[in-house]
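So in my numbering, the last one in the sequence shown is 334, and the numbering has no gaps at all.
Ideal Cβ positions, reconstructed from N, Cα and C, are used throughout, including at glycine.
In this text, all values refer to a predicted model and were calculated from it rather than measured experimentally.
Reading through the structure tokens given below for one structure.
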Amino acid sequence: MNEELNIEATPLRDELERQIRKLVTPLRGEDELRDVLKVKLTKKEFKIFKVWAEEEPIEPLLEKLGMSEDRYGELSLKLIKKLNQEKLKQLLSI
């Protein structure tokens with residue numbers, strides 16, 4: 241589907257496609273996605289999402305943020321729920 245629209249795959253888009261359960265319309269470009277996510281997610285949620293997208297280890301970020309594994313688990317669940325809200329999916333889509 242991305243080939244039809246001549247849109248290159250990007251880390252943020254790829255991660256969104258993995259996390260969103262039901263994606264009906266194509267996602268926006270990388271820069272637009274970053275702008276929407278920066279506004280709609282908390283700073284910590286956005287940093288965690290970026291680490292997921294870039295497939296980097298999460299431990300250095302947790303250490304930097306002073307976050308426990310339990311808090312990371314809670315925040316991850318909250319982040320995935322937020323990404324699957326219809327209102328946010330509409331903002332992320334073309």
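_Could you compute how far the alpha carbon of R274 sits from the alpha carbon of M307?_
23 angstroms
Taking the runs of the alpha helix (DSSP H) that are 4 residues or longer, which of them lie wholly in the stretch 242–294?
242–245, 251–259, 270–280, 283–293
Report task. Mark E294 as exposed unless 16 or more other C-beta atoms lie within 10 angstroms of its C-beta, in which case mark it buried. Result -> exposed
Residues in its own chain within less than 8 angstroms of K318 by CB, not counting five upstream and five downstream? E285
Coil, strand or helix - S308 by DSSP:
coil
Checking the sheet assignment: what are the DSSP bridge partners for S333? L267
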